[in-house]
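Participant:
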Amino acid sequence: MKRMPFALALAALVGMAGTPSAAQIDPASLPEPLTVETLPDKPDGARWVWIASFTNYAHADLIDADTGRLLGTIELGYQGVLPQIPRSGDEIYNHAVYMSRGFHGDLVEVVEIFDAKTLEIRGEIPIDPPKAMRGLPSINLTTLTDNDRFLVQSFFTPALSFGVVDLERRTFVGEIETGGCAHAMAAGPRRFFSLCGDGAVLTVDLDENGAESARESHPGFFDAEGDPLHPTGARSGDAWYFASVRGVMHAVDASGGGIEFQEPWTFREEDDAGVWVPAAPFQHMAIHHASGRLFLLMSVVPDLERKPGGYDFHRGPGFETWVFDIESRERLARHKMDKPTAAIAVSQDDAPLLYASTYTHVDIYDAGTGEVTRTLNPDVEVRDVVVMMQPWD
Amino acid sequence: MKRMPFALALAALVGMAGTPSAAQIDPASLPEPLTVETLPDKPDGARWVWIASFTNYAHADLIDADTGRLLGTIELGYQGVLPQIPRSGDEIYNHAVYMSRGFHGDLVEVVEIFDAKTLEIRGEIPIDPPKAMRGLPSINLTTLTDNDRFLVQSFFTPALSFGVVDLERRTFVGEIETGGCAHAMAAGPRRFFSLCGDGAVLTVDLDENGAESARESHPGFFDAEGDPLHPTGARSGDAWYFASVRGVMHAVDASGGGIEFQEPWTFREEDDAGVWVPAAPFQHMAIHHASGRLFLLMSVVPDLERKPGGYDFHRGPGFETWVFDIESRERLARHKMDKPTAAIAVSQDDAPLLYASTYTHVDIYDAGTGEVTRTLNPDVEVRDVVVMMQPWD
Amino acid sequence: MNWFDKISARAAAGLAERTSRRSALGSIGSAIAGGVLLPLLPVDRTFAQEAAGDAPEPRQDPTQCDYWAYCSVDGWLCSCCGGSTSSCPPGSRAAPITWTGTCRNPADGKSYVIAYHDCCGAFPCQRCTCNTNEGDTARYHPQRSNSVLWCGNGGAPFGYHCTMSRILSVAE
Amino acid sequence: MNWFDKISARAAAGLAERTSRRSALGSIGSAIAGGVLLPLLPVDRTFAQEAAGDAPEPRQDPTQCDYWAYCSVDGWLCSCCGGSTSSCPPGSRAAPITWTGTCRNPADGKSYVIAYHDCCGAFPCQRCTCNTNEGDTARYHPQRSNSVLWCGNGGAPFGYHCTMSRILSVAE
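Chains as they are written, first to last, in the numbering used here: chain H, -15 to 377; chain C, -15 to 377; chain Z, 32 to 203; chain V, 32 to 203.
In structure tokens, the structure reads:
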């Protein structure tokens, strides 16, 4: 680009006009004051995104997608995936596990409370004994209830259960046993549901203290043996959408405090490349709420034959992103990905960006046309693998 | 290579012949027993080397340099450099720092005690309050006294001092203040010395409990302002060798409990590339004891002009390794490095290997001819930077 | 032609009608460019072989991802880390509870039940990343899911070091 | 021709009499091949510029390693991490005690004393690695050594995040 005057360049690049380190230095301004940045107020129309990189100890960078500027970083702990961002308030939460000696020593499980403006850690809520589920990055291992008060975490001991943390009282409320259900999806002010090994949906209601007040099993949501669901579903309004291994969309509607299953619909398609089914490297689904469009990362396999033990989850990269209209269930577009893609996300403005992890970097597409427009910070070496992206709109 | 029969291949590759996972499986042998490996006895002539990779939390891999086989790994902690290997006994020590929450939280400083056969951690010796010096990987921040009993660690608060740990009683003995001396080099059963900012050598004697019993400053070892020494020197017998920024070799002889300075000798050379002086990316010196040959990684600069503040340490990669006969001080050879080189080490057998870190990998040279023979495990992705190598002969 | 070329070729073929040859090649190019990194990443060999149409006969070298008993692995192979298919590298400890898979041994044509034990409590090995996932299922079927970190269970420490593939029995 | 090519060319020239052109080029090739990685590594820009003979005029862009006040840096630039030359990125804290260097500002021709404060207590930034080291000395002169980790001093936490280059005064 044309060389900007230094002050402007600084303002753009570092976001601090009139710094004393500008070309001409007033000796009276020295020594420079020593300060600590806080996050700027988000300008109207700015598109910020948390980009989580994963290997061993993970972290999330907050990036201004339009300027590429890194605004701040938070640590996610061992095999952490994404921070929890409440609808309101001035805090960010991260459910983290650490070890007292790097990769050995005692296990510690905590919810760390970040100031959403300074990114300083205000405190932590211990979860003891630690039972957190970790492993391949998966977006629905942790959720916040819709009232922002309770954090629900998948436990694995290897029995499947959940831990509930009261973010207001800063305490670990306790453990909720389940009969083989995993992943937690918020579905109301004090309610979440989970996917179970028998194909049922389990709903759990919490009382005002976060203790279990009711639970209900809703059988027959999906065929766990014949066509298992990818648990990496996405929410829009009161509905959650999950894609199955064989390319059938299932939806749970939690509006009005109840649970209703929408009629599943098949979206897989066969062509000379093979059968197109959901890819599942890391995160394959994203929804643009205003337009009601669902984006799904797709992969191709030669057939739908079942393997011993069950279906493969096709963790290979995605080669296309398919766009569906949630209302009509019509497929509106097939976007070819410029590079093998590990995860997708979409911004919520009305000229939305489609973020695509290429493992080492993030490519930015026009979510409407499917054209790749640029690579975010192509010159920045990413040491880890970009596994998850979460717009902060 | 020619395809080996499977059992042999297994024996070579995994080192366990007759495993039940051989092609033909005896059902009666199932389930396979679940075991944990211990290090094999080192075969005569085998050349093992610890290869330390550094970024944030560091680790060292023990590799059989002839087969390329990874024998085991130990964790080195935050910005750790190399484990401490005593002359005798069945333990390995690592001076480590950790943080209680990954990269934040409380700082912990310990000496971890590894079983030299199982690589299990037998225990740790806390150093409290923590004052360890960390930073760019440097080989002489930690040393074991020649009686193997005391570990001496450079402290930085930012005052320079040393911590002494009694490995036999498993206790932190205490701190030894110095007047601006850094790095610890063993020089006797209960003695070490350090390099000081005034160009002196400081010797410290410890009593049988590890407390300071005597100290002596020996001024005039080097010109700290005019021609500072690289502290990454190497030892052969009772003598320690240090190269200066301007290419002058200095030696400390600690034989007989005294300290003698050998006459410095200049080895830099000018040619049309510029002035050849020691390179100092990480570790630039290695000595083959039996032959009395000193290997030094070299870099080239246009002139020896002094910069404001002092001389640069030329942290760029080395392009040649020069070989000196310690006795005659003759330069015997200039070995051109095949790739920009970050560190060197040499095996102690009589057909020695020269190990050269290329940042991402380790190249192996014939230390005699200077020919590069191969890259160690070229297909293994090294996530961190290979900064230090220590033969375990 | 290695599996990655095959993926790309296959994908390119599939894309061909909807794209110019040039961009299809572009997609191959970038895929191959990714090759340097991909050994570190969860690359789905099963997918690759499916895409290749004809799956090559799995080999008998336990330091390679296509060793027959690795058909449902997702992790770093202990055989490359100082251990073996049934022993943890020095200094690490096995998680006694595991997920299991069923793999066919081409040498005798039999299928075997494989227990994929994680070795735990040591620095991440990060060698021989192998992500085959044959028959791998979701976490709501944990006993058949390799997505879960099994370290930390049964008294094992939490830090993941590598994964073994221990033969339990002939599959009925 | 960027500085790295210059190093290689220069080194190659130096090697020329003692080596075949081919292996000299090989040395360049491997050096350049290393380029992908080297931005992450302690690469000595001063050395590079010396090798280049004519050092280019340092620029005024604090997100670039050749910004004039970075003449003795060794670390990740806070200006690339959400901070600036004199402010730590959100969530990190400055080590109050520092090493200092002296750098010349081409805009006014004056030399300034620069305090290189580490920002501490946050996940390693790992962006904009800059290793200039002009006038850097050994640890036995800590106040002028950038080899030392300054985090952990003066009440700052220990974990290294990035390095600032704060202008203290005009150099006398």
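Built from N, CA and C at the ideal position, the CB exists for glycine as well. The structure presented is a predicted model; accordingly, all values stated were derived computationally and were not measured.
With C-beta atoms as the reference, is ASN177 of chain V less than 7 Å away from TRP130 of chain V?
Facilitator: For the purposes of this step, residue 177 of chain V is identified with residue 146 of the fourth sequence, where counting begins at 1. For the purposes of this step, residue 130 of chain V is identified with residue 99 of the fourth sequence, where counting begins at 1. At a Cβ-Cβ threshold of 7 Å, ASN177 of chain V and TRP130 of chain V count as neighbours.
Participant: Exposed or buried, which one is ARG197 of chain Z when buried takes at least 16 other CB atoms within 10 Å?
Facilitator: For the purposes of this step, residue 197 of chain Z is taken as residue 166 along the third sequence, with counting starting at 1. ARG197 of chain Z comes out buried.
Participant: With DSSP as the reference, identify every bridge partner of ASP256 of chain C, one or two as the case may be.
Facilitator: Taking the second sequence and counting its residues from 1, one reaches residue 256 of chain C at position 272. Answer is none; ASP256 of chain C lacks a bridge partner.
Participant: For ALA146 of chain Z and ILE109 of chain C, what's the separation of their Cα atoms in angstroms?
Facilitator: By one-based count along the third sequence, residue 146 of chain Z stands at place 115. By one-based count along the second sequence, residue 109 of chain C stands at place 125. Straight-line Cα distance between these residues: approximately 37 Å.
Participant: Measure the C-alpha to C-alpha separation of ARG175 of chain C and THR127 of chain C and round it to an integer number of angstroms.
Facilitator: Working through the second sequence from its first residue, we reach residue 175 of chain C at position 191. Working through the second sequence from its first residue, we reach residue 127 of chain C at position 143. Distance from the CA atom of ARG175 of chain C to the CA atom of THR127 of chain C, rounded to whole angstroms, is 10 Å.
Participant: For the stretch 64 to 78 of chain H against the stretch 49 to 56 of chain H, are there 3 or more C-beta pairs whose distance is under 8 Å?
Facilitator: no
Participant: Just to confirm before moving on: does the CB-CB distance between PRO121 of chain V and THR216 of chain H stay below 7 Å?
Facilitator: One-based indexing of the fourth sequence puts residue 121 of chain V at position 90. One-based indexing of the first sequence puts residue 216 of chain H at position 232. Cβ distance not < 7 Å, so PRO121 of chain V and THR216 of chain H don't count as in contact.
Participant: With DSSP as the reference, label PRO215 of chain H as helix, strand or coil.
Facilitator: As a working mapping, residue 215 of chain H is identified with position 231 in the first sequence. Looking at PRO215 of chain H - three-state DSSP - the assignment turns out to be coil, as it is neither helix nor strand.
Participant: Nearest chain H C-beta to SER200 of chain Z closer than 7 Å, yes or no?
Facilitator: What you label residue 200 of chain Z is simply residue 169 of the third sequence in a count that begins at 1. SER200 of chain Z does not count as touching chain H.
Participant: Classify ALA316 of chain H as buried or exposed, calling it buried when 16 or more other Cβ atoms lie within 10 Å of its own Cβ.
Facilitator: Looking up residue 316 of chain H in the first sequence gives position 332. A small fix is needed here, since residue 316 of chain H is Leu in this sequence, not Ala. So LEU316 of chain H counts as exposed.
Participant: Can you give me the C-alpha to C-alpha distance between TYR143 of chain V and CYS193 of chain V, rounded to a whole angstrom?
Facilitator: Here residue 143 of chain V refers to the residue found at position 112 of the fourth sequence. Here residue 193 of chain V refers to the residue found at position 162 of the fourth sequence. Answer to the nearest angstrom: the Cα atoms are 21 Å apart.
Participant: Could you compute how far the alpha carbon of THR77 of chain V sits from the alpha carbon of LEU288 of chain C?
Facilitator: Your numbering for residue 77 of chain V matches position 46 in the fourth sequence. Your numbering for residue 288 of chain C matches position 304 in the second sequence. For THR77 of chain V, the pLDDT reaches just 35, beneath the cut-off of 50, and the residue's location in the model is therefore unreliable, leaving the point undetermined.
Participant: Which of the residues in the stretch 170 to 192 of chain Z, read from start to end, lie with their CB under 9 Å from any CB of chain H?
Facilitator: ARG170, TYR171, HIS172, PRO173, GLN174, ARG175, SER176, ASN177, SER178, VAL179, LEU180, TRP181, CYS182, GLY183, ASN184, GLY185, PRO188, PHE189, GLY190, TYR191, HIS192
Participant: GLN157 of chain Z to LEU46 of chain C, Cα distance in whole Å?
Facilitator: If you number the third sequence from 1, residue 157 of chain Z lands on position 126. If you number the second sequence from 1, residue 46 of chain C lands on position 62. Going from the Cα of GLN157 of chain Z to the Cα of LEU46 of chain C covers about 15 Å.
Participant: Which chain Z residues are close to HIS167 of chain H, counting only those with a beta carbon under 7 Å from its beta carbon?
Facilitator: Translated into positions along the first sequence, residue 167 of chain H becomes position 183. Those are ARG170, listed as they occur along chain Z.
Participant: How do the stretch 255 to 267 of chain H and the stretch 235 to 242 of chain H stand: do at least 3 beta-carbon pairs fall below 8 Å, yes or no?
Facilitator: no
Participant: On the DSSP letters alone, give me the boundaries of the beta strand (DSSP E) that THR325 of chain H sits inside.
Facilitator: Taking the first sequence and counting its residues from 1, the one referred to as residue 325 of chain H is at position 341. Note, THR325 of chain H: beta strand (DSSP E), 315 to 325.
Participant: Under a three-way DSSP split, which group does TYR101 of chain V fall into?
Facilitator: Translated into the one-based positions of the fourth sequence, residue 101 of chain V becomes position 70. Residue state, collapsed to three classes: helix.
Participant: What residue ranges within the stretch 145 to 197 of chain Z form continuous beta strand (DSSP E) runs of no fewer than 3 residues, ordered along the chain?
Facilitator: 149 to 151, 160 to 162, 191 to 194
Participant: With a threshold of 7 Å on Cβ separation, who are the neighbours of GLU161 of chain H within its own chain once the five nearest residues in sequence on each side are excluded?
Facilitator: Locating residue 161 of chain H in the first sequence gives position 177, where the first residue counts as 1. These residues qualify, in order along the chain: SER145.
Participant: Let's test the definition: count the other Cβ atoms within 10 Å of the Cβ of THR353 of chain H and tell me whether it reaches 16, buried, or not, exposed.
Facilitator: Position 369 of the first sequence, counted from the start, is the residue given in the question as residue 353 of chain H. THR353 of chain H should be labelled exposed.
Participant: To the nearest angstrom, report how far apart LYS26 of chain H and HIS273 of chain H are at their CA atoms.
Facilitator: Start at 1 with the first residue of the first sequence, and residue 26 of chain H comes out as number 42. Start at 1 with the first residue of the first sequence, and residue 273 of chain H comes out as number 289. C-alpha of LYS26 of chain H to C-alpha of HIS273 of chain H: approximately 20 Å in a straight line.
Participant: So within the stretch 221 to 308 of chain H, which uninterrupted beta strand (DSSP E) runs reach at least 3 residues, ignoring any that extend past its ends?
Facilitator: Entirely contained in the stretch 221 to 308 of chain H, the beta strand (DSSP E) runs reaching 3 residues are, in chain order, 223 to 227, 232 to 237, 253 to 255, 258 to 262, 269 to 272, 277 to 285.
Participant: What residue range is occupied by the uninterrupted beta strand (DSSP E) comprising SER138 of chain H?
Facilitator: On the first sequence, position 154 is the one that residue 138 of chain H refers to. Taken as a continuous stretch (DSSP letters only), the beta strand (DSSP E) holding SER138 of chain H covers 134 to 140.
Participant: Report the residue from H:ILE348, H:VAL371, H:ASP333, H:GLU355 whose alpha carbon sits nearest the alpha carbon of ALA30 of chain H.
Facilitator: As a working note, residue 30 of chain H is residue 46 in the first sequence. Per the Cα distances, H:ASP333.
Participant: What would DSSP say about PRO378 of chain H, mapped onto helix, strand or coil?
Facilitator: Residue 378 of chain H cannot be examined here, being either before or after the span of chain H that is shown, -15 to 377.
Participant: On the DSSP bridge list, what partners appear for THR131 of chain V?
Facilitator: Taking the first residue of the fourth sequence as 1, we reach residue 131 of chain V at position 100. According to DSSP, THR131 of chain V bridges with V:ALA146.
Participant: For ASP112 of chain C, which residues in the same chain have their Cβ closer than 8 Å to its Cβ, ignoring the five residues on either side in sequence?
Facilitator: Mapped onto the second sequence, residue 112 of chain C falls at position 128. The residues are GLU93, PHE156.
Participant: Between LEU199 of chain Z and GLN63 of chain H, which are expected to be in contact by the criterion C-beta below 8 Å, what is the C-beta distance as a whole number of angstroms?
Facilitator: In the third sequence, residue 199 of chain Z corresponds to position 168, counting from 1. In the first sequence, residue 63 of chain H corresponds to position 79, counting from 1. Contact flag wrong, Cβ pair sits at about 27 Å.
Participant: For the stretch 97 to 126 of chain C, which residues have a beta carbon sitting closer than 9 Å to at least one beta carbon of chain Z?
Facilitator: Listed by position along the chain: PHE98, ASP99, LYS101, THR102, LEU103, GLU104, ILE105.
Participant: Going by DSSP, what residue range makes up the beta strand (DSSP E) through TYR343 of chain H?
Facilitator: The count along the first sequence starts at 1 and reaches residue 343 of chain H at position 359. Note, TYR343 of chain H: premise wrong, no beta strand (DSSP E); not H, not E.
Participant: Using a Cβ-Cβ cutoff of 9 Å, what residues of the stretch 296 to 323 of chain H are near chain Z? List them in chain order.
Facilitator: ASP296, PHE297, HIS298, ARG299, GLY300, PRO301, PHE303, GLU304, ARG318, LYS320, MET321, ASP322, LYS323
Participant: Identify the continuous beta strand (DSSP E) that holds ARG367 of chain H and give its terminal residues.
Facilitator: Position 383 of the first sequence, counting from 1, holds the residue named residue 367 of chain H. No beta strand (DSSP E) holds ARG367 of chain H; DSSP gives it neither H nor E.
Participant: How close, in whole Å, do the beta carbons of VAL149 of chain C and VAL95 of chain C come, if the pair is a contact with beta carbons under 8 Å?
Facilitator: Reading the second sequence from its first residue, position 165 is the one you call residue 149 of chain C. Reading the second sequence from its first residue, position 111 is the one you call residue 95 of chain C. Rounded, the Cβ-Cβ distance is 5 Å, consistent with contact.
Participant: Using 7 Å as the limit for Cβ to Cβ distance, is ALA125 of chain Z near chain C?
Facilitator: Indexing the third sequence from 1 puts residue 125 of chain Z at position 94. Taking Cβ atoms only, chain C reaches closer than 7 Å to ALA125 of chain Z, which makes this a yes.
Participant: Spatial neighbours of PHE226 of chain H within its chain, please: CB distance less than 6 Å, with the 5 preceding and 5 following residues excluded, ordered by chain position.
Facilitator: On the first sequence, residue 226 of chain H is found 242 positions in, with the first residue counted as 1. Here the set comprises LEU213, GLY217, HIS234.
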